[in-house]
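Report on one structure; see the data block that follows.
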Amino acid sequence: MVECEKLDIVFGSLPDATRRDILKRVSVRSFTISELAKPYRKTISFAGIAKHIGILEDAGLVVKKREGKYQIITLKPTRLREASVELARYTKMWEGRFSALDALLENN
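Laid out in structure tokens, this is it:
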């Protein structure tokens, strides 16, 4: 898969608040799917949480492994680093453009 397509999948997985919360939680430690689902049990079904985890897994942001009867979800930070590098490129570009605009406005 082309690198740009991988990043599209990453960025496409991040707009959802539940998925961002799951990422935040697994950045601290690994969880079972049941543990991740517990705070949402009044609003999202277990299957719904499993689907969110699947989207994060497809994006390469988490990895799921089986330990006995449990599926353990762990953060996979590599893809986040790649996305961060891409965002840094845009930040640098726009900062340069804003600096040039500021200089132009100061001279007029």
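Sequential numbering from 9 applies to the sequence shown in my numbering.
All C-beta atoms in this analysis are idealised placements derived from N, C-alpha and C, irrespective of residue type, glycine included.
Option in the options with minimal Cα separation from residue i
i      : options                   : result
Tyr-48 : Thr-26, Lys-59 and Lys-73 : Thr-26
Ser-21 : His-60, Val-34 and Arg-33 : His-60
Arg-28 : Arg-97, Val-70 and Gly-76 : Val-70
Check whether residue i and residue j have beta carbons under 7 Å apart
i      : j      : result
Leu-15 : Ile-30 : no
Ile-68 : Arg-87 : Inspection of the sequence shows that residue 68 is occupied by Gly rather than by Ile. For Gly-68 and Arg-87, yes; Cβs fall inside 7 Å.
Glu-65 : Lys-73 : no
Val-18 : Ala-91 : yes
Counted within 10 angstroms of its Cβ, other Cβ atoms place residue i as buried (16 or more) or exposed
i      : result
Leu-95 : exposed
Lys-93 : The sequence shown places Val at residue 93, not Lys. Exposed: under 16 other Cβ atoms inside 10 Å.
Met-9  : Its pLDDT being 46, under 50, Met-9 is placed unreliably by the model, and nothing is read from it.
Simplified DSSP assignment, three categories, for residue i
i       : result
Lys-73  : strand
Ile-41  : helix
Ile-124 : Residue 124 falls outside the range modelled here, since the chain spans only 9 to 116, and no answer is possible.
Leu-88  : helix
Val-10  : No answer about Val-10 holds up, because its pLDDT of 45 lies below 50 and its placement is not dependable.
Leu-109 : helix
Leu-83  : strand
Q | Stretch-stretch touch, CB-based, cutoff 8 Å, three pairs: the region 32-44 with the region 76-83 | A | Judged by Cβ distances under 8 Å, the region 32-44 makes contact with the region 76-83, as three or more pairs qualify.
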